[in-house]
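Asker: Dropping a structure here in structure tokens format, bear with me for questions.
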Amino acid sequence: MRKILLATTALIAFAGVAEAAESPIQVTLGGSVDFRAALFHEGNKIATEEGSRRHGDFQTEYALTIAAEGKAAGGIEYGALLDLNNDQKLVDGNQYGIAMNQAYVWVSSAFGKLIMGDELGASSLFVMAPTVGEGQMDGSYTNFTDEATLAEFKPTYFDDTENDTKVTYFTPKVGTASHKVQLGVSYTAEDRQGTVASLYERTDGYKNQVEATAQYTGTIAPVSVVVTPMIATGEGEGDKTASTNRDYTMWGVGAQALYAGLTFGGSYVDAGHKGSAPGQDLDQDVWTVGLGYEIDKVALATNFMSGEGYYNGLLGSNDYVEGFNAVGFGATYKWVPGLTTAADAVFFNQDRGGTTKGNEGHVLMLTQKMAF
8 MRKILLATTA LIAFAGVAEA AESPIQVTLG GSVDFRAALF HEGNKIATEE
58 GSRRHGDFQT EYALTIAAEG KAAGGIEYGA LLDLNNDQKL VDGNQYGIAM
108 NQAYVWVSSA FGKLIMGDEL GASSLFVMAP TVGEGQMDGS YTNFTDEATL
158 AEFKPTYFDD TENDTKVTYF TPKVGTASHK VQLGVSYTAE DRQGTVASLY
208 ERTDGYKNQV EATAQYTGTI APVSVVVTPM IATGEGEGDK TASTNRDYTM
258 WGVGAQALYA GLTFGGSYVD AGHKGSAPGQ DLDQDVWTVG LGYEIDKVAL
308 ATNFMSGEGY YNGLLGSNDY VEGFNAVGFG ATYKWVPGLT TAADAVFFNQ
358 DRGGTTKGNE GHVLMLTQKM AF
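See below:
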């Protein structure tokens, strides 16, 4: 009840300063089409499909975004965003499907910004090793790997593209011209997305998830710095003696330094008991480091990610990944505004310990993207 009252009080505070709109609501339409040609290989295959593993394919991902924005006479701004996407993880492998990726309303004023709906949340402030184009270690290379044989580690450990229905508040950026701090806090009642309301306790998943991220930006000429500490907690649902979703508290920090077109950055996240079952008490963490460079129409990046943790959906008797390493190389060239060619390469290896077979391989991509 307290969480609901706090969110309601914040909304009333925003609404109280609103006045009649100065101008009509502006609606914009945008999106992107991304064509990918990939060569891929994994050393570990599903036994029943040993002879049928492919090593190359094409893929097209597209998105359609509708945004609306208005401004009241008192300076308050408000709006909504709807993003539709055909990403295979959103549409359960249906190659012709399209699903809601993000859908939210927002209100912004001198008191900060309040966002309500399906969106990224406070974790959007978190920084890690720099990436370009398709994202290398944190990108779309996992569209060409098998989730039954390769763990999908992310720099934030949990999926940093998670768009569960939530409420998020971002403070204004406060400080001096050279040093500013912003805080974001999100609350997710249930780890679901869209119109499904949870009327009963589930047997798995998470509820009452809270995440908070602070972002410091500063300049000590000629270097600019970004530092982002974060913490997140959640309650597991279902039978705690059998569920793979124990209560968890996770924390981390990310940082980047920018100088003369170069960006050096990295991150570390301790995931606690996130996604683990009773008795699964080994360490779960992930760290990244990388370097990026931009000049004119060219952007380059190389990055490295290493992690360990439980992935209970993997085939085999051992659910613990003792070591996961991925190194990525990326390059983009922007021909004209909106039209970008990218080359992306990720090399990975995975060690699950004991007699469980390891896995190593690569994904090489050449992509053409049009954003509008």
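Its first residue numbered 8, the sequence shown is counted upward by one per residue in our numbering.
We treat Cβ as the ideally placed atom computed from N, Cα and C, and that holds for glycine.
Note that the structure is predicted; figures quoted are calculated from it, not measured.
Are Gly337 and Thr72 touching if we call contact CB-CB under 8 Å?
Answerer: Along the sequence shown, read from residue 1 onward, the residue named residue 337 stands at position 330. Along the sequence shown, read from residue 1 onward, the residue named residue 72 stands at position 65. Not a contact, by the Cβ cut-off of 8 Å.
Asker: Using 8 Å as the threshold, is the C-beta distance between Ala333 and Met144 below it?
Answerer: Counted from its first residue, the sequence shown places residue 333 at position 326. Counted from its first residue, the sequence shown places residue 144 at position 137. Yes, the Cβ-Cβ distance between Ala333 and Met144 is below 8 Å.
Asker: Considering only their Cβ atoms, is the gap separating Asp90 from Glu68 smaller than 8 Å?
Answerer: Mapped onto the sequence shown, residue 68 falls at position 61. Mapped onto the sequence shown, residue 90 falls at position 83. Their beta carbons are not under 8 Å apart, which means Glu68 does not touch Asp90 by this criterion.
Asker: Take Ala278 and list the residues in its own chain whose beta-carbon comes closer than 8 Å to its own, dropping the five residues that flank it on each side.
Answerer: Here residue 278 corresponds to residue number 271 of the sequence shown, with the count starting at 1. Correct list, in chain order: Tyr164, Phe165, Tyr255, Met257, Gln291, Asp292, Val293 and Gly316.
Asker: Using three-state DSSP, classify Asn356 as helix, strand or coil.
Answerer: Mapped onto the sequence shown, residue 356 falls at position 349. Note: Asn356 maps to strand in three-state DSSP.
Asker: Glu169 to Thr251, Cα distance in whole Å?
Answerer: Here residue 169 is taken as the residue at index 162 of the sequence shown, counted from 1. Here residue 251 is taken as the residue at index 244 of the sequence shown, counted from 1. About 19 Å.
Asker: What distance in whole Å lies between the Cβ atoms of Asn310 and Gly335, which are believed to be in contact at a cut-off of 8 Å?
Answerer: Indexing the sequence shown from 1 puts residue 335 at position 328. Indexing the sequence shown from 1 puts residue 310 at position 303. With a Cβ gap of about 5 Å, Gly335 and Asn310 count as contacting.
Asker: Of all the CB atoms in chain B, is at least one closer than 8 Å to the CB of Ile122?
Answerer: Note that chain B does not occur in the displayed structure, where there is just one protein chain.
Asker: Hey, quick one: how far does the beta strand (DSSP E) through Arg43 stretch, first residue to last?
Answerer: Working through the sequence shown from its first residue, we reach residue 43 at position 36. It spans Gln33 to Glu49 - the beta strand (DSSP E) in which Arg43 sits, taken as one unbroken run.
Asker: Give me, in chain order, the residues of the same chain whose beta-carbon lies closer than 6 Å to that of Asn215; leave out the 5 immediate sequence neighbours on both sides.
Answerer: On the sequence shown, residue 215 is found 208 positions in, with the first residue counted as 1. Excluding positions up to five away in sequence, the list reads Glu242.
Asker: Among all the DSSP beta bridges, which residues are the ones paired with Thr240?
Answerer: The residue given as residue 240 occupies position 233 in the sequence shown. Partner(s): Val217 and Thr256.
Asker: DSSP three-state call for Phe151: helix, strand or coil?
Answerer: In the sequence shown, residue 151 corresponds to position 144, counting from 1. Phe151 falls in the helix class under three-state DSSP.
Asker: Applying the 10 Å Cβ sphere with the 16-neighbour rule, what's the burial state of Asp351?
Answerer: Numbered from 1 along the sequence shown, position 344 holds the residue referred to as residue 351. Classification of Asp351: buried, given that the 10 Å Cβ count is 16 or more.
Asker: Measure the CB-CB distance between Pro162 and Met123 and report whether it falls below 8 Å.
Answerer: As a working mapping, residue 162 is identified with position 155 in the sequence shown. As a working mapping, residue 123 is identified with position 116 in the sequence shown. No, Cβ-Cβ distance for Pro162 and Met123 is not below 8 Å.
Asker: With a threshold of 8 Å on Cβ separation, who are the neighbours of Ala28 within its own chain once the five nearest residues in sequence on each side are excluded?
Answerer: Stepping through the sequence shown from its first residue, residue 28 is reached at position 21. Confidence in Ala28 is poor, its pLDDT being 48 and thus under 50, which makes the residue's placement unreliable; the coordinate value appears in the next sentence. Same-chain partners within the cutoff: Gly77, Lys78, Ala79 and Ala80.
Asker: Which one of Asn325, Gly365, Ser313 and Thr175 has the shortest CA to CA distance from Val353?
Answerer: Counted from its first residue, the sequence shown places residue 353 at position 346. Of Asn325, Gly365, Ser313 and Thr175, the residue nearest in Cα terms is Ser313.
Asker: Does the region 45-52 touch the region 140-159, meaning 3 or more C-beta pairs lie closer than 8 Å?
Answerer: The region 140-159 is in contact with the region 45-52.
Asker: Given a cut-off of 8 Å, decide if Thr175 and Arg199 are closer than it, judged by their beta-carbon atoms.
Answerer: If you number the sequence shown from 1, residue 199 lands on position 192. If you number the sequence shown from 1, residue 175 lands on position 168. Contact flag unset, no.
Asker: Need the endpoints of the beta strand (DSSP E) that Thr363 sits in, please.
Answerer: Numbered from its first residue, the sequence shown carries residue 363 at position 356. Taken as a continuous stretch (DSSP letters only), Thr363 belongs to no beta strand (DSSP E), as it is neither H nor E.
Asker: Considering just the uninterrupted stretch of the beta strand (DSSP E) at Glu68, what are its terminal residues?
Answerer: Here residue 68 corresponds to residue number 61 of the sequence shown, with the count starting at 1. Where Glu68 is concerned, the enclosing beta strand (DSSP E) stretches over Gly63 to Lys78.
Asker: May I ask you to report which of helix, strand or coil DSSP gives Met135?
Answerer: What you label residue 135 is simply residue 128 of the sequence shown in a count that begins at 1. If DSSP states are grouped into helix, strand and coil, Met135 belongs with coil.
Asker: Looking only at its own chain, which residues have a Cβ that is under 6 Å from the Cβ of Ala74, when we skip the five neighbours before and after it?
Answerer: Reading the sequence shown from its first residue, position 67 is the one you call residue 74. Hits under 6 Å: Thr35 and Leu88.
Asker: At which residues does the beta strand (DSSP E) containing Gln189 begin and terminate?
Answerer: Here residue 189 refers to the residue found at position 182 of the sequence shown. Run containing Gln189: His186 to Glu197, per the beta strand (DSSP E) assignment.
Asker: Provide the residue span of the beta strand (DSSP E) that contains Val296, from first to last.
Answerer: Counting from one through the sequence shown, the residue named residue 296 turns up at place 289. Here the beta strand (DSSP E) through Val296 covers Asp292 to Ile302.
Asker: Taking the alpha-carbon positions, what's the Val98 to Leu157 distance?
Answerer: As a first step, residue 98 must be located in the sequence shown, where it is residue number 91. As a first step, residue 157 must be located in the sequence shown, where it is residue number 150. Looking at the two C-alpha atoms, the distance is approximately 20 Å.
Asker: Short of 6 Å in beta carbon distance, which residues of its chain neighbour Lys364, apart from the five on each side in sequence? Order them along the chain.
Answerer: Walking along the sequence shown from the start, residue 364 turns up at place 357. Asn51.
Asker: Would you kindly work out how many angstroms separate the C-alpha atoms of Leu265 and Gly361, rounded to a whole number?
Answerer: Translated into positions along the sequence shown, residue 265 becomes position 258. Translated into positions along the sequence shown, residue 361 becomes position 354. Cα to Cα, the separation comes out at about 42 Å.
Asker: Where does His280 land, buried or exposed, given buried means 16+ other C-beta within 10 angstroms?
Answerer: What you label residue 280 is simply residue 273 of the sequence shown in a count that begins at 1. Buried, by the Cβ-count rule.
Asker: Among the residues of its own chain, which have a CB less than 6 Å from the CB of Gln222, if the five just before and after it don't count?
Answerer: Along the sequence shown, read from residue 1 onward, the residue named residue 222 stands at position 215. Cβ within range, chain order: Leu132, Gln189 and Thr235.
Asker: Is Ala106 near Ala219, with beta carbons less than 8 Å apart?
Answerer: Here residue 106 corresponds to residue number 99 of the sequence shown, with the count starting at 1. Here residue 219 corresponds to residue number 212 of the sequence shown, with the count starting at 1. Their beta carbons are not under 8 Å apart, which means Ala106 does not touch Ala219 by this criterion.
Asker: Going straight from the alpha carbon of Gly37 to that of Phe379, what length do you get?
Answerer: In the sequence shown, counting from the first residue as 1, residue 37 sits at position 30. In the sequence shown, counting from the first residue as 1, residue 379 sits at position 372. Rounded to the nearest angstrom, the two C-alpha atoms are 5 Å apart.
Asker: Whole angstroms are fine: how far does the CA of Gln263 sit from the CA of Val230?
Answerer: By one-based count along the sequence shown, residue 230 stands at place 223. By one-based count along the sequence shown, residue 263 stands at place 256. Cα-Cα distance, rounded: 10 Å.
Asker: Starting from Asp90, follow its DSSP beta bridges and name the residues at the other end.
Answerer: Taking the sequence shown and counting its residues from 1, the one referred to as residue 90 is at position 83. Note: Asp90 sits in a beta bridge opposite Thr72 and Gln109.
Asker: What is the DSSP secondary structure of Ala28, reduced to helix, strand or coil?
Answerer: Translated into the one-based positions of the sequence shown, residue 28 becomes position 21. Its pLDDT being 48, under 50, Ala28 is placed unreliably in this model, and the coordinates cannot settle the point.
Asker: Identify which residue in Thr240, Ala196 and Glu244 has its Cα closest to the Cα of Gly212.
Answerer: As a position in the sequence shown, residue 212 is number 205, starting the count at 1. It is Glu244.
Asker: In the DSSP assignment, what residue or residues form a beta bridge with Val98?
Answerer: The residue labelled residue 98 in the question sits at position 91 within the sequence shown. Its beta-bridge partners do not exist; DSSP assigns none.
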